Amino acid sequence: MGLRTYIVTRILLTIPTLLLLLTTVFLIMRVLPGDPVALHFEKKATPEQMEQMRHLLGLDKPLWEQYIDYLWGLVDVGYFLAHGYPNLGKSMQVTSEDVGGQIFSAFPATLELAIYSMILASVIGILLGVVASKSYNSVLDHLIRGSGTVAYAVPVFFLGIVLQLIFGVYLHWLPTGLRINPSVEPPATITGLYTIDSLLEGNIIKLFESFKALALPSLTLGIVLSGIFIRLTRMNMLETLRFDFVAAARARGLKEGTVTYGYALRNAFLPILTMMGLQFAMLLGGAILTETTFSWPGLGRYIVTRINFRDYTAIQGAVVMFGLFVALVSLAVDILYAYFDPRIRL
Amino acid sequence: MPERVEIAIAVLVLIGILVSSGTMYYTATVMSNVSTVSTDLSTLTESVGNLTDVVSDLATITGNLVQSVTGVNASIADLKARLAEIEASLAVRETLIVGTTDSVELTLDPAQAYDYFGWCIMQQIGSTLISVKPGSATGADFVPELATSWNSSADSKIWDFTLRQGVKLSDGTPLTANTVKYSFDRTIELIPSIPEGAPATGNLGYDLIFNRTEVLSTYKVRFYLNFAFSPFLGILSCRASGIVEPKYAPIAQVNYTAGNARASTPLASVGPYVLARWERVGARDIEIRLDANPNYWNLASGYPKLKHIIFKFYPDAATLRLAIEAGDVDMAFRHISPTDVLDLQNNPNLRVWWGSGAQIQYLCFQTKRAPFNDTRVRVAVAAALNRPDVTETVFLGLAKPLYSIIPPGMMGHTEAFKKLGDANYTYTLNLLAQAGYNAANPLKFQLWYESSGHYPSSPDQALLYKEALTDPALGGVIQVDLKSADWASYKKNRDDEIMDAFLYGWYPDYVDPDDYAFLYWAGWLHINYSNATQVALFNQARATTDTALRTQLYAQIDAMAVQQCSVVPLWVSGAWAVTKPSVYGIYLDITQDMRYWLISK
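So the protein sequences, as listed, match chains H and X. When we follow the working numbering, the leftmost residue of the first sequence carries the number 1, and every step to the right adds one. When we follow the working numbering, the leftmost residue of the second sequence carries the number 1001, and every step to the right adds one.
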């Protein structure tokens, strides 16, 4: 089938997957024992206040009506356009705040960290993987494989603290946490990504400080995740380099670089792409340990604090959004996959 | 020749001579003039030459002057650039960046806020009628703020306050007695709808204390109390008594409004700072920025010293320590762990400030069921505890053993619980034997502690308490099962009364023994303990202003508490802050308040 048909088919198939996910989350939050309102208030509120909370959250309605409201909130385009986020209900802790607003205010920090971490992880992992495959069974190959294993095995918070000590405390080169130097005012919010917003604002200092703040957390995550990409790239490249078309390319007198990166890596890239998608989707859920280590105000820290406050609507909203991110990223990976490998569309 | 001709010729010759003479004279004159002119011309030429030289010199001078002016301009430009650098550096020095692990819990509304950090911010941006003098050792040195003087009736049930004149709200209207009345009326009216708020019954009990507020005149306000309440000044100095601006303080609660710092607090902007920016993500603070308030009622004092305070929030003590060590922040306050602060003391690039504390921790017993429905068992366990071991091992000496529910420095503090001693195993064994416990029939109970970091070093403490209670010297008569829960679950467990014994803590709302002594029987602890005699002593103490009598009454309460051991005081913390060496003016006193307007760089 053509690419367009494939894309439409994949989108249509994603819808029932999403519906299943949303229904599962809805049921779990309501089937689990315990009244979320009573648990939240911890018996401090009067019955009238608890009833008021139930009414505010729609928990006094029949289950089927709650389900319709729940699904409608997610697809209500008018609400989305008016607020900039879907209707995920009100926070139980601060009832005047929308859960959607809270999640979408924390999400840009996570997205920014995920993007730059994934870039670093991919570049480091793929490059080293290719080098390892090219120098198969040499000292360099063993060194790179070992480094990849160590990188993936080292706890992310430990690596983060070591980098903070070296570059922050001892060398004073980079900040140890936060999204921007405290003495620099953050850029005006347009996308929520400080690097992009600084560029749009035309403020080089803010751009520089944003990158400085991003350096350590994205390097930490990037190094840890690169371990996967090193091994995956090496494995796939070793296999691909044995294929006849590679020998044929060399025989035609193409430069080794072209053969490696233009031919072999392109063919070996698809499984790596799948892994990139999976890892990116996981990062979008919030790298809790990294965000805590670097005081990064993202979704990971948000979810942890919501759990501590027994804010069930916020927890539900976060789980829903995380599921949506994973579904969307998977869809994007599938489409890219089909673009790179036309055989997939058959 | 005829004579006439000779005469004519003579005349002509004469004429010719005359003409010639004249001509010659004229010529001579002309020549002379010419000569003069030549001379003059020469002179002129010379002068012109000189002038040319002068002009040339002038040109040279002008050229030099131009160069000098250019040089001066360059110097001026340099000076300007340097001045800008100095100004920039001054601007940076005029800003204090504070790192903290705290966060505003809910709002900055005096009717609701009941957390340390919320009160801290409220103190910087708002004002109360009176406050405690910085550096106070007792917390009872009250100084004027929005009120300049006060007095009370003989029975201490009626209090009159004269307000400071000239204090303006943000819209330019004067802060008057009506503003004060509105603030207190609103706070009390909101109590039923905000049961968890600071002024609520069960917390500070404003609705029980205040009868009504009356405006006597534009700048005089009167409080009628339901009963004589000697800590009244302490209550008035706490953040729950912050004066609000009616325009931003409707009777409905004001909550955080994203992107609008002013609308996020109802407090009147008459404090040293204004809330310029308040960024929260998911109900956790990301940044709070305070700017010097041009409307501050005490600008003449020279405060605030710094123009901007920026708060940055870190998830835990470890990340905060890294931030202050790396120089990312100028000051780290709440919380740096005892281990870290002692380590940082040796860092030449940092300065540690020490102060007295009033945070206490205590052990509570559930008295409604076995084993702790037996007083002997409670006293036995209390006597076996080893406070110095905990304060030295866990807090490295930065906390002190506490032998009264009232911390040292406060009126009414005693050393009552020293009567039981520490690790007093002989006494413990005797009492347990009387209660029927021995090696064959050991005392078994669960000791609970909070595990999500709400209290410092709870797991370490609990471990040491268990070690003390299961010391070999006790011969296995006590068996302790350690249990933990995160803060939200811990409070629920407390309310559900499922914890046999549990560790709990307390910060002062106001610095007065009245805010501590009631902890022995506090209803919200759900320990099901009551003692009418202690309550009567307590009520008597709060109803009198006689300090000596109050001291005596609190001592009696303590003495009874030792006999009953419903709640056993454990330790009182110190206070500390870590800053760069350039930071000055930090007061860490018994109020636990950090007055940022006193700080300079």
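The C-beta atom is built at its ideal place from N, Cα and C for all residues, glycine as well. Quick caveat: nothing in here was measured; it's all calculated off a predicted structure.
As a beta-bridge residue in DSSP terms, X/Val-1568 pairs with X/Leu-1363. Under the three-state reduction of DSSP, X/Glu-1094 is assigned to coil, being neither helix nor strand.
Looking from the CA of X/Thr-1470, the closest CA among X/Tyr-1425, X/Met-1499, X/Ala-1501, X/Ser-1452 belongs to X/Tyr-1425. When secondary structure is reduced to three states using DSSP, X/Leu-1079 falls in the helix class. Just measuring C-alpha positions, the residue of X/Val-1167, X/Val-1005, X/Trp-1506 sitting nearest X/Leu-1363 is X/Trp-1506.
H/Asp-69 has its alpha-carbon roughly 60 Å from the corresponding atom of X/Gly-1476.
If you check each beta-carbon in the region 1314 to 1335 of chain X against every beta-carbon of chain H, the ones closer than 8 Å belong to Tyr-1314, Pro-1315, Asp-1316, Ala-1318, Thr-1319, Leu-1322, Ala-1323, Glu-1325, Ala-1326, Gly-1327, Asp-1328, Val-1329. Rounded to the nearest angstrom, the gap between the Cα atoms of H/Trp-64 and H/Ile-180 is 46 Å.
In the DSSP assignment, X/Ala-1332 is bridged to X/Gly-1099, X/Val-1578. Boundaries of the beta strand (DSSP E) around X/Thr-1213: 1210 to 1217. Using a CB distance cut-off of 8 Å, X/Trp-1487 counts as an interface residue toward chain H.
In chain X, no part has a C-beta under 7 Å from the C-beta of H/Ala-215; the shortest such distance is about 13 Å.
In the three-state reduction of the DSSP assignment, X/Ser-1136 falls in the coil class. In chain order, Leu-1396 place their CB closer than 8 Å to the CB of X/Thr-1339, counting only its own chain and leaving out the 5 sequence neighbours on each side. Between H/Leu-284 and the set H/Pro-271, H/Arg-301, H/Leu-140, the nearest pair of CA atoms involves H/Arg-301. At a C-beta separation below 7 Å, H/Gly-168 has these neighbours in chain X: Leu-1322, Ala-1326. Under a 10 Å Cβ-count criterion, X/Asp-1496 is classified as exposed, with fewer than 16 other Cβ atoms of the shown protein chains found around its own Cβ. By the neighbour-count criterion, in which 16 or more other beta carbons inside 10 Å mark a residue as buried, X/Arg-1280 falls on the buried side. With a contact defined as Cβ atoms closer than 8 Å, X/Val-1244 and X/Pro-1272 miss out at about 17 Å. Cβ neighbours of H/Gly-148 within its own chain (closer than 6 Å, five residues either side excluded): Gly-227, Ile-230, Arg-231.
For the alpha helix (DSSP H) assignment, the uninterrupted runs of no fewer than 4 residues enclosed by the region 144 to 222 of chain H are, from N- to C-terminal side, 156 to 163, 194 to 201. For X/Val-1377, the enclosing alpha helix (DSSP H) has its first and last residue at 1375 to 1384. Of all residues in the region 91 to 114 of chain H, the ones placed with a Cβ closer than 8 Å to any Cβ belonging to chain X are Ser-91, Gln-93, Val-94, Ser-96, Glu-97, Gly-101, Gln-102, Ile-103, Ser-105, Ala-106, Ala-109, in chain order.
Taking a cut-off of 8 Å for Cβ pairs, the region 1129 to 1142 of chain X and the region 1297 to 1307 of chain X do not touch, as fewer than three such pairs fall below it.
Taken through DSSP and simplified to helix, strand or coil, H/Glu-97 comes out as coil. By the neighbour-count criterion, in which 16 or more other beta carbons inside 10 Å mark a residue as buried, X/Ile-1251 falls on the exposed side. 8 Å or more divides the Cβ of X/Trp-1571 from the Cβ of X/Ile-1406. Per DSSP, X/Trp-1521 lies in no alpha helix (DSSP H) and is assigned neither H nor E.
Close to H/Gln-66, with beta-carbon spacing below 7 Å, lies no residue of chain X; the smallest spacing is near 24 Å. DSSP, reduced to helix, strand and coil, places H/Lys-61 outside both helices and strands of the structure shown, so it counts as coil. The criterion of a C-beta distance shorter than 8 Å is satisfied by X/Leu-1190 and X/Gln-1253. Taken in chain order, the whole alpha helix (DSSP H) runs of length 4 or more contained in the region 1407 to 1438 of chain X are 1425 to 1434. X/Lys-1418 is classed as exposed because its beta carbon has fewer than 16 other beta carbons within 10 Å across all chains shown.
Only those residues of the region 1270 to 1281 of chain X whose C-beta falls short of 9 Å from the nearest C-beta of chain H are listed: Arg-1277, Glu-1279, Arg-1280, Val-1281. Its chain contains Arg-1376, Val-1377, Ala-1380, Asn-1438, Leu-1443, Val-1477, Ile-1478 as the residues whose beta carbon lies nearer than 8 Å to that of X/Leu-1432, once the 5 sequence neighbours on both sides are disregarded; these appear in chain order.
By the rule that beta-carbons nearer than 8 Å mark a contact, X/Ser-1452 touches chain H.
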